[in-house]
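In this note's numbering, each residue's number is its place in the sequence shown (first place is 1) plus 1397.
For each residue, glycine too, the CB sits at the ideal point set by N, CA and C.
Computed from a predicted structure; not experimentally measured.
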Amino acid sequence: MIVLDIEKKLKAYSGTEVLRIEKQFNAGSINLITGPSGAGKTTLLKMIAGVIKPDNGHIVVNEQTWFNAAEKINITPQQRRTGFVFQDYALFPNMTVRQHLNYATTNNDWIDQLLAIGKLNAFANHKPNHLSGGQQQRLAILRALAIKPAVLLMDEPFSALDVKTKTELLADLNNVFKELAATVLIVSHNPQELKEIASDELIIGEDYILPFH
Ligand code: ADP
Ligand code: ADP
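1. In chain order, what residues place their C-beta within less than 6 Å of a heavy atom belonging to ligand 1?
2. In chain order, what residues of the same chain lie with their CB nearer than 7 Å to the CB of residue 1409, ignoring the 5 residues before and after it?
3. DSSP three-state call for residue 1564: helix, strand or coil?
4. Hey, out of 1513, 1461, 1437, whose CA is closest to residue 1451's CA?
5. Give the secondary structure of residue 1551 by DSSP, where H, G and I count as helix, E and B as strand, and everything else as coil.
6. Examine chain B for any beta-carbon lying closer than 8 Å to the beta-carbon of residue 1548, and answer yes or no.
7. What does the alpha-carbon distance come out to for the pair residue 1541 and residue 1488?
8. Mind pulling the beta strand (DSSP E) runs of 3 or more residues that sit fully within the segment 1429-1474?
9. What's the call for residue 1589, buried or exposed, on a 16-neighbour Cβ count within 10 Å?
10. Compare the Cα-Cα distances from residue 1507 to each of 1576, 1601, 1416, 1421 and report the closest residue.
11. Nearest by alpha-carbon distance to residue 1551: which of 1537, 1457, 1561, 1564 is it?
12. By Cβ distance below 8 Å, which residues in the same chain neighbour residue 1439 in space, the five residues on each side in sequence not counted?
13. Mapping the DSSP letters down to three states, classify residue 1406 as helix, strand or coil.
14. Let's see if you can read the secondary structure: which residues bound the alpha helix (DSSP H) around residue 1542?
15. Buried or exposed, going by whether 16 or more other CB atoms sit within 10 Å of the CB of residue 1527?
16. Quick one: grab the DSSP three-state call for residue 1399.
17. Quick test of your reading: residue 1424 and residue 1398, contact by CB under 8 Å. State the CB separation rounded to the nearest angstrom.
18. Restricting to Cα atoms, I'd like to know which of 1533, 1557, 1513, 1401 is closest to residue 1459.
19. Helix, strand or coil: which one does DSSP assign to residue 1489?
20. Give every residue of the same chain whose Cβ lies closer than 7 Å to the Cβ of residue 1426, excluding the five residues on either side of it in the sequence, and list them in chain order.
21. Do residue 1548 and residue 1479 have their beta-carbon atoms positioned less than 8 Å apart in this structure?
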């Protein structure tokens, strides 16, 4: 289970606002994060991953405290072992597809399984600039899964995929998520396509954005 009770000052163009989120996600569930652009969706994922620090509150994951402002606890991103799919993929330009996965795991059976799920077997020795946008995005997803994370954070992970690829990939990913018992948070501008696999939705809207005094 992910327990979020956090506050973060956002430096928006319109002035400073406070993002305040109180929400729990069940262990092993797939959940959507939606809301207008600039609401704080990416910031929320980054606070869970440990690369942005909340100003207040706590984050508890599977009964382990990842962040607690009052107790000055803030464990490192490495200790959290979250998988993160960045909106801009953040691939390594000089690494092949296989090296991306090998960077995260030495389990070759698991790497082959991932390559099959992402339909990248034939591209294992290619570098990102020799992949299509959709292939790069699939690689970013596979890399995030490679460490078998307990928490998988995905920022617009399907935006570059055509409908057919997306449907097939989603079915396969759904099985992997279940196998890993991962708790998955997916930021999406197109939540309709994920309704079938998602069990809960956090809408970051006006309720969560408060003026800063
Ligand atoms: P969304 O993903 O919902 O589009 P973001 O999380 O990217 O929204 O950004 C929300 C707001 O938070 C933006 O106004 C942005 O400028 C601001 N912001 C982004 N990163 C930080 C940070 N590290 N500290 C404070 N404010 C931030
Ligand atoms: P290195 O250890 O090689 O210096 P970094 O941790 O600095 O690697 O990250 C290199 C790139 O990978 C950056 O573009 C960063 O955004 C991205 N990155 C960082 N952490 C992760 C992660 N957990 N999963 C996937 N990509 C990541």
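In terms of the structure at hand:
1. Selection output, chain order preserved: 1407, 1408, 1409, 1432, 1434, 1435, 1436, 1437, 1438, 1439, 1440, 1449.
2. The residue given as residue 1409 occupies position 12 in the sequence shown. Correct list, in chain order: 1435.
3. Residue 1564 sits at position 167 when you count from the first residue of the sequence shown. Helix at residue 1564.
4. Numbered from 1 along the sequence shown, position 54 holds the residue referred to as residue 1451. Among 1513, 1461, 1437, the Cα nearest to that of residue 1451 belongs to 1437.
5. In the sequence shown, residue 1551 corresponds to position 154, counting from 1. Residue 1551 falls in the strand class under three-state DSSP.
6. Absence of chain B from the displayed structure is noted, only one protein chain being present.
7. Taking the first residue of the sequence shown as position 1, residue 1541 is located at position 144. Taking the first residue of the sequence shown as position 1, residue 1488 is located at position 91. Their backbone Cα atoms lie some 11 Å apart in a straight line.
8. Residue ranges of uninterrupted beta strand (DSSP E) with 3 or more members, entirely inside the segment 1429-1474 and ordered along the chain, are 1453-1458, 1461-1465.
9. Taking the first residue of the sequence shown as position 1, residue 1589 is located at position 192. If you draw a 10 Å sphere on the C-beta of residue 1589, you find fewer than 16 other C-beta atoms in it, and that means exposed.
10. Indexing the sequence shown from 1 puts residue 1507 at position 110. With distances taken between Cα atoms, residue 1507 lies closest to 1576.
11. Translated into positions along the sequence shown, residue 1551 becomes position 154. Out of 1537, 1457, 1561, 1564, 1537 has the C-alpha closest to the C-alpha of residue 1551.
12. Along the sequence shown, read from residue 1 onward, the residue named residue 1439 stands at position 42. The beta carbon of residue 1439 sits closer than 8 Å to the beta carbons of 1484, 1552, 1584 from its chain, once the five residues preceding and following it are set aside; these are given in chain order.
13. Residue numbering aside, residue 1406 sits at position 9 when the sequence shown is read from its first letter. Strand, per DSSP.
14. Indexing the sequence shown from 1 puts residue 1542 at position 145. Segment 1530-1543, the alpha helix (DSSP H) holding residue 1542.
15. Counting from 1 along the sequence shown, the entry for residue 1527 is found at position 130. Its Cβ having fewer than 16 others within 10 Å, residue 1527 is exposed.
16. Reading the sequence shown from its first residue, position 2 is the one you call residue 1399. Strand.
17. Numbered from 1 along the sequence shown, position 27 holds the residue referred to as residue 1424. Numbered from 1 along the sequence shown, position 1 holds the residue referred to as residue 1398. The C-beta distance from residue 1424 to residue 1398 rounds to 5 Å, short enough to fall under 8 Å.
18. As a first step, residue 1459 is located in the sequence shown; it is residue number 62 there, counting from the start. When 1533, 1557, 1513, 1401 are compared, the shortest CA-CA separation from residue 1459 is found for 1401.
19. Counting from 1 along the sequence shown, the entry for residue 1489 is found at position 92. Reduced to three states, the DSSP call for residue 1489 is coil.
20. Here the question's residue 1426 lines up with position 29 in the sequence shown. Its chain contains 1580, 1596, 1597 as the residues whose beta carbon lies nearer than 7 Å to that of residue 1426, once the 5 sequence neighbours on both sides are disregarded; these appear in chain order.
21. By one-based count along the sequence shown, residue 1479 stands at place 82. By one-based count along the sequence shown, residue 1548 stands at place 151. Cβ distance < 8 Å, so residue 1479 and residue 1548 count as in contact.
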